Amino acid sequence: MNFTDYLQLFENILQETNPKAPYNNPDYLNYTKLNWSRQQRWLKTGVINAAVTTAAKNITVPQQWVIITEPWCGDAAHIVPFLSKIAAINPLIQLDIQLRDAPPFLIEQYLTNGGKSIPKLIIRDNDGQDMAVWGPRPAGAQVLYDQLKAENADFERVKIELQQWYNQDKGQSLQAELLEVLTQVASIA
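As C-alpha cells, this is what we get:
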C-alpha cells in the first residue's frame, strides 16, 4: 500500500467500534493512539536535512522502498514519517508499505537476530533486487534499547526512554544512517 493508504488504515483502526486483533487489546489500541499522534507530529514538524534531500534528488533510476511496519509499533511512529517525506522528494522512489503481521509476511525474509523487529526499509532496484536493508531503529536508539533490555527494564521504562531519545534526536540519526545507505546504493546503481 502507499503511504496515504497506510494512514487511512491507521485511522480506520482508531475509529473502529470493535477493532480486530491485536487492536481489540486495550494496550495495543492505546499504543496505536499514541503512535498516531507521534506520527502526525513528525509529519508536521520533521525536517529533512539538506544532505538527505540532495541524495534523494540525485536518484536517477527507479527504486522501490518497501517499509515493513505496523501501526502499533512505537519505533515506526518516529521513523516511517521521515522515510515517507524522503521518498516524496523524488518521483523515482515508489513507496510500498507492507504490514509485518499480514500476508505475504515479508518480514520472514528480513529478521533481525531471529526476530521480527520493525520497521524495516528495503530499497530495491527496478528489477526487484534488494540494494539495501535498514532497520529496525537508528544505532543510538538500538544501544539504548539493548542497555535497557540488559537491565531487565520493564516495558513502561523502555517505552518512555526510547520516546525521549526520539524526541531529542528529531530524526537526525535516522537521516545520517539513511544518507550512508543512499550513498552505498548510488554506488551500486
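So the number in the working numbering is just where the residue sits in the sequence shown, counting from 1, plus 4.
Note that the Cβ used here is the ideal one computed from N, Cα and C, for glycine as well.
This structure is a prediction, so every number in the text was calculated from the model and none was measured.
Beta carbon of residue i nearer than 8 angstroms to that of residue j
{"i": "residue 94", "j": "residue 60", "result": "yes"}
{"i": "residue 123", "j": "residue 164", "result": "no"}
{"i": "residue 100", "j": "residue 69", "result": "yes"}
{"i": "residue 149", "j": "residue 166", "result": "yes"}
{"i": "residue 2", "j": "residue 80", "result": "Only positions 5 to 193 of the chain appear in this structure, which leaves residue 2 out of reach."}
{"i": "residue 67", "j": "residue 128", "result": "yes"}
{"i": "residue 96", "j": "residue 71", "result": "no"}
{"i": "residue 46", "j": "residue 14", "result": "no"}
Local conformation of residue i per DSSP, three classes
{"i": "residue 173", "result": "helix"}
{"i": "residue 11", "result": "helix"}
{"i": "residue 192", "result": "helix"}
{"i": "residue 64", "result": "coil"}
{"i": "residue 73", "result": "strand"}
{"i": "residue 101", "result": "strand"}
{"i": "residue 21", "result": "coil"}
C-alpha distance - residue i paired with residue j, whole-angstrom precision
{"i": "residue 130", "j": "residue 98", "result": "10 angstroms"}
{"i": "residue 77", "j": "residue 26", "result": "12 angstroms"}
{"i": "residue 37", "j": "residue 18", "result": "7 angstroms"}
{"i": "residue 85", "j": "residue 48", "result": "9 angstroms"}
{"i": "residue 181", "j": "residue 30", "result": "34 angstroms"}
{"i": "residue 179", "j": "residue 24", "result": "34 angstroms"}
{"i": "residue 28", "j": "residue 35", "result": "12 angstroms"}
{"i": "residue 175", "j": "residue 102", "result": "22 angstroms"}
{"i": "residue 114", "j": "residue 134", "result": "11 angstroms"}
{"i": "residue 162", "j": "residue 192", "result": "37 angstroms"}
When the options are compared against residue i, the one with the closest alpha-carbon
{"i": "residue 91", "options": "119, 169, 20, 56", "result": "56"}
{"i": "residue 190", "options": "142, 62, 34, 13", "result": "62"}
{"i": "residue 132", "options": "88, 65, 10", "result": "65"}
{"i": "residue 121", "options": "134, 146, 135", "result": "146"}
{"i": "residue 140", "options": "158, 116, 157, 154", "result": "116"}
{"i": "residue 50", "options": "170, 188, 186", "result": "170"}
{"i": "residue 42", "options": "107, 160, 11", "result": "11"}
{"i": "residue 143", "options": "21, 173, 155", "result": "173"}
Which runs of the beta strand (DSSP E) at least 3 residues long sit entirely within the segment 120-168? Give them in chain order. 124-128, 134-138
Note down, one range per segment and in chain order, each alpha helix (DSSP H) of at least 4 residues found wholly within the segment 23-50. Entirely contained in the segment 23-50, the alpha helix (DSSP H) runs reaching 4 residues are, in chain order, 30-49.
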